Amino acid sequence: MLYSRASSFDSLLPAKPVLVFLHGLLGSSEDWQPVFSRLRDEAWLAIDLPGHGQSQAVTCDDFAVCCQLIKQTILAHYEATTPIWLVGYSLGGRIAMIGSVEGWFDGLNIQGLVIEGGNFGLPNDAEKKARWQHDQQWAKRFISEPIAQVLADWYQQPVFSSLNHEQRQTLIRLRSGNLGHRIAMMLLATSLATQPYLLPQLMRLPFPVHYVCGQNDQKFRQLAEQSGLFYSLIDHAGHNVHHEQPDAFAQKLKKLLPTSSVGVGGNNNGNHHG
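Going by full-length UniProt numbering, the sequence shown opens with residue 1, and the numbers climb by one from there.
This is how it looks when you write it as C-alpha cells:
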C-alpha cells in the first residue's frame with residue numbers, strides 16, 4: 001500500500017465524490033497543499049506514488065502494479081461504492097488515464113477524471129523507441145549523478161519553458177529530497193514509451209474526462225485542443241497549473257464536480273474550453 005493523507009472534511013452528502021489526487025514525477029502529495037487549502041468543503045485523498053515522498057521504499061514494475069497499489073490505497077480509506085474523481089498531474093494524469101482505460105481501477109466507483117497536462121501516448125513505434133532511449137538516459141543520470149545537478153538540467157526541458165529562474169531554483173530545492181535511483185525506477189516503469197495511445201478509449205469511458213492545461217503550455221495546449229475532449233485553459237500558467245495558479249485550479253475543480261453523483265454519465269466528446 002502507498003502512503004496517503006486524507007482531508008478532515010466529512011461530507012454530509014453521501015453521494016458527494018471524493019477527489020483522489022495523483023502527483024507528477026519527482027513530486028509528492030504535498031504538492032497539492034495550495035489546492036487543498038482552497039477546497040475546505042470537499043473530501044479528498046492525496047497519494048504518494050511509488051518511489052516518491054513517503055512511498056519512497058515502494059516499487060512498481062509497470063503501470064498495472066502502480067494502479068493496483070493506488071486502488072488498494074483508496075479502498076483502505078473508502079468503501080468500494082464511494083464515488084471517486086481522479087485528479088492527476090502529468091505522470092499522475094497518465095496513470096489515471098491508463099488505469100481507467102485498461103480496467104485496472106475496476107472495483108472503484110470512478111465518476112470522472114481531471115487530467116492536468118497528461119500525455120495521451122505516442123502514436124507510432126519510432127516515437128516510442130526515441131522516448132525509451134530518452135528516458136533511459138535520464139534514468140542513468142538520476143542513478144549516477146547528484147540529484148540537484150540532474151534537476152538543474154531536467155527543468156530546462158521545453159515543457160518547463162514558462163518557469164523563470166527563481167521558480168526553477170525553488171523546484172530544484174523542493175525535489176532534491178528525492179532518491180535518484182527510486183526516481184529512475186519509476187521513470188522507466190511508467191515511461192511514455194511503454195504506454196499505449198489512450199485517446200480513443202478515453203472518448204468511450206462511461207464517465208466524464210476533463211483536461212486542464214496552462215494557457216502558456218504550448219505542447220499540452222495543442223494536445224488538448226486537438227483531442228476532442230472537454231478542456232480548460234488556465235490563464236497565466238504553464239505546465240504545472242495547480243502550482244502556478246492554485247486558486248484557478250481549485251475553482252475549476254469545484255465547477256466540474258457534481259453536487260450529487262447520481263446520473264453522472266460519459267459524453268467525453270467536446271472540444272470546448274472555459
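Ideal Cβ placement from N, Cα and C applies to all residues, glycine included. Predicted model only: the values in this text are computed from it and were never measured.
Note down the Cα distance separating S162 from H239, rounded to an integer number of angstroms.
Position 162 of the sequence shown holds residue 162. Position 239 of the sequence shown holds residue 239. Using only the alpha carbons, I get a separation of about 8 Å.
Mark E244 as exposed unless 16 or more other C-beta atoms lie within 10 angstroms of its C-beta, in which case mark it buried.
Within the sequence shown, numbered from 1, the residue matching residue 244 stands at position 244. When all chains shown are included, E244 counts as buried.
Are the beta-carbon atoms of A224 and F63 separated by less than 9 Å?
The residue you call residue 224 lines up with position 224 of the sequence shown. The residue you call residue 63 lines up with position 63 of the sequence shown. Result no, Cβ atoms of A224 and F63 do not sit closer than 9 Å.
Does A46 come out as helix, strand or coil in the three-state DSSP assignment?
Reading the sequence shown from its first residue, position 46 is the one you call residue 46. If DSSP states are grouped into helix, strand and coil, A46 belongs with the strands.
Take I122 and list the residues in its own chain whose beta-carbon comes closer than 8 Å to its own, dropping the five residues that flank it on each side.
Against the sequence shown, residue 122 aligns to sequence position 122. Looking at the sequence provided, one finds Leu at residue 122 rather than Ile. Within the same chain, L122 has close Cβ partners K128, R131, L192, A193, Q195, Y197.
Flag this pair as yes or no: are the beta carbons of L187 and I172 separated by less than 9 Å?
As a position in the sequence shown, residue 187 is number 187, starting the count at 1. As a position in the sequence shown, residue 172 is number 172, starting the count at 1. Their beta carbons are not under 9 Å apart, which means L187 does not touch I172 by this criterion.
Residue ranges of each alpha helix (DSSP H) run of no fewer than 4 residues wholly in the stretch 179 to 219, ordered along the chain?
Listed in chain order, the complete alpha helix (DSSP H) runs (minimum 4 residues) inside the stretch 179 to 219 are 180 to 189, 199 to 203.
Could you round the C-beta distance between L253 and V58 to whole angstroms and report it? I think they count as a contact, below 8 Å.
Taking the sequence shown and counting its residues from 1, the one referred to as residue 253 is at position 253. Taking the sequence shown and counting its residues from 1, the one referred to as residue 58 is at position 58. The pair is not a contact, with the Cβ atoms about 27 Å apart (cut-off 8 Å).
Helix or strand or just coil, what does DSSP make of F230?
Against the sequence shown, residue 230 aligns to sequence position 230. The answer is strand: DSSP assigns F230 an E or B state.
Please return the same chain residues whose Cβ sits closer than 6 Å to the Cβ of R40, not counting the five positions on each side in sequence.
Stepping through the sequence shown from its first residue, residue 40 is reached at position 40. If we look at R40 and ignore the five residues flanking it on each side, it has no Cβ neighbours.
For P246, is the classification buried or exposed, using 16 other Cβ atoms within 10 angstroms of its Cβ as the cut-off for buried?
Taking the sequence shown and counting its residues from 1, the one referred to as residue 246 is at position 246. Per the 10 Å Cβ criterion, buried.
Ignore the nearest five residues each way along the sequence and tell me which others in A248's own chain have a CB closer than 6 Å to its CB.
Counting from 1 along the sequence shown, the entry for residue 248 is found at position 248. Closer than 6 Å at Cβ, skipping near neighbours: I234.
I'd like the list of long-range same chain contacts for L256, defined as Cβ closer than 6 Å, with 5 residues on each side in sequence excluded.
Numbered from 1 along the sequence shown, position 256 holds the residue referred to as residue 256. Same-chain partners within the cutoff: H210.
Given 8 Å as the limit, is there contact between the stretch 97 to 104 and the stretch 212 to 222, that is, 3 or more CB pairs closer than that?
Segments in contact, no.
Rounded to the nearest angstrom, what separates Y231 and V212 at their Cα positions?
Taking the sequence shown and counting its residues from 1, one reaches residue 231 at position 231. Taking the sequence shown and counting its residues from 1, one reaches residue 212 at position 212. Distance between the alpha carbons of Y231 and V212 is about 6 Å.
Sort W85, S29, F36, A80 by Cα distance to P208 and report the nearest one.
In the sequence shown, counting from the first residue as 1, residue 208 sits at position 208. Nearest option by C-alpha distance: W85.
Quick check on H52: buried or exposed, where buried means 16 or more other Cβ atoms within 10 Å of its Cβ?
Taking the first residue of the sequence shown as position 1, residue 52 is located at position 52. Buried, by the Cβ-count rule.
Pull up the distance between the alpha-carbon of residue 327 and that of M97, whole angstroms please.
Here the chain has residues from 1 to 274 only, and residue 327 is not among them.
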